[in-house]
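Okay, so the sequence shown: first residue is 433 according to the numbering used here, each after it adds one. A quick write-up on the structure given underneath.
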Amino acid sequence: MKNMNLCQICSSEKMQFIDSRENYLFCRKCRTVFYLNQSNPEYSDTYFTTDYRKQYGKTYAEDYDAIYKFSQTRISRIEKILPEKIKKSSLLEIGCALGFFLKAASDRGFRKCSGIEISSYASEYARKNFGLKIENIPYSEYSISDKFDVICAWYYFEHERNVPEVIQKTAGRLKKNGVLAFSIPCTNGPMFLLNREQWIKSHPEDHSMDFSPQSVRMLLRKSGFGKIRIYPAGIHPERVFKRTLFLFPVLKFLYGIYSRLFKFSDTIEVYALKK
Ligand SMILES: [Zn+2]
């Protein structure tokens, strides 16, 4: 096991456990949480069907419209940070599921879209329905040496055992002025800050780290990125205020401003330009 006296991100010694079982080590300086008891990620094809339906009321495939729609927002954010001259070129997605984001990127003019996906059901779905080039392997086995203009990983990195190492490796697969776009769980949100017990209770067993906007920036700068944009991945005022409150619409509006300004969110989207 690695030396946990020092923070893996900022090298601070200000590390403390936040739970009585001493599973969650928190860096008070950069506000990263390290989960010391991470179990091996379990992926099975039922994630996209029965498991997904249990959580969201429909299968992943049936959720196409909603996923396609927020994929378009993500693509706009990528386009915003990408330098004009390399727009619409090669894009790789790590953990591409059924290929809905890649389909949206391809519809928006990205010429060469490809994906890596561990589920054979999802890979086959993406190939068959959208004609996408998908490698059905874990990311650790990906060995193609091509460099990309854009690499995306939506809620993927937190499943890796050594997130800094994997981000560093992924940065090496980007061209100069390429963009790394990803989403991750974040400690700067209402769950971690205002409802810690619930946060611990619902923390997925297969997540190794939870970042803060500050620690993501530090890690990306160390990995060779310059410009970095961070957005709250979702705006959830109902996690702080009761919907039934008379003033809820006003609070909701103010919460949105606060959340965008201070990246106050349980999950964040990150867009970083490689130097
Ligand atoms: Zn730290």
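We put the CB at the ideal spot given by N, CA and C, even for glycine.
- [ ] Consult DSSP for residue 610 and reduce its assignment to one of helix, strand or coil.
- [x] strand
TODO: Kindly list the residues whose CB is nearer than 6 Å to the CB of residue 455, restricted to its own chain and excluding five residues on each side of it in sequence; keep chain order.
DONE: 468 and 469
Task: Contacts around residue 488, its chain only, beta-carbon distance under 8 Å, and the 5 residues preceding and following it disregarded - done: 495
- [ ] Determine contact between the segment 570-587 and the segment 599-613, defined as no fewer than three beta-carbon pairs at a distance below 8 Å.
- [x] yes
Open item on the list: What residue range does the alpha helix (DSSP H) around residue 576 cover?
Closed with: According to the DSSP assignment, residue 576 belongs to no alpha helix (DSSP H), since it is labelled neither H nor E.
Task: Pick from 627, 615 and 658 that is closest to residue 695, judged by C-alpha positions - done: 615
Open item on the list: For a test of the three-state rule: what should DSSP assign to residue 571, helix, strand or coil?
Closed with: For residue 571, the secondary structure class from DSSP, reduced to helix, strand or coil, is helix.
Open item on the list: Quick check: the segment 527-545 against the segment 594-604, are at least 3 beta-carbon pairs closer than 8 Å?
Closed with: no
Open item on the list: Mapping the DSSP letters down to three states, classify residue 451 as helix, strand or coil.
Closed with: coil
Open item on the list: So the candidates are 453, 704 and 464; which of them puts its Cα closest to the Cα of residue 445?
Closed with: 464
Open item on the list: Does residue 542 come out as helix, strand or coil in the three-state DSSP assignment?
Closed with: coil
TODO: Starting from the Cα of residue 550, find the closest Cα among 691, 480, 504 and 509 and give me that residue.
DONE: 480
Task: Rounded straight-line distance, which links the Cα of residue 471 to that of residue 698 - done: 21 Å
- [ ] From the DSSP output, read off the bridge partner residues of residue 704.
- [x] 612 and 660
Task: Beta-carbon spacing of residue 687, residue 664 below 7 Å - done: no
Open item on the list: Bridge partners for residue 547 per DSSP, in chain order?
Closed with: 525 and 566
- [ ] Please report how far the alpha carbon of residue 705 lies from the alpha carbon of residue 624, in whole angstroms.
- [x] 28 Å
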